[in-house]
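Peer 1: Numbering (this note's numbering), first residue to last: -17 to 54. Every residue, glycine too, gets a C-beta built ideally from N, C-alpha and C. Model, not experiment: these values are computed from the prediction. This is the structure, below, for whatever I ask next.
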């Protein structure tokens, strides 16, 4: 069931956060193959996992509030 719609500025903020998270995720995936240090590789792997979860959560948030932004 959809919740009350987000305001336009809230939707835009979520999209901006998602764009930044996606860019960071792409970079983390790209540099991971070059990392030699095991500790750093584990940190990057955890960051990738956390970023993927955050993106999924943000997508769900948008889906739960779909129906357009309000102008209030």
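Name the two residues that bound the continuous alpha helix (DSSP H) containing residue 27.
Peer 2: 20 to 46
Peer 1: Output the boundary residues of the alpha helix (DSSP H) element that contains residue 66.
Peer 2: Nothing about residue 66 can be read from this structure; the chain reaches only from -17 to 54.
Peer 1: Grab me the residues of residue 6's own chain with a C-beta within less than 7 Å of its C-beta, minus the 5 sequence neighbours each way, in chain order.
Peer 2: 33
Peer 1: Going straight from the alpha carbon of residue 17 to that of residue 31, what length do you get?
Peer 2: 17 Å
Peer 1: If you check the beta carbons only, do residue -7 and residue 44 fall under 9 Å apart?
Peer 2: yes
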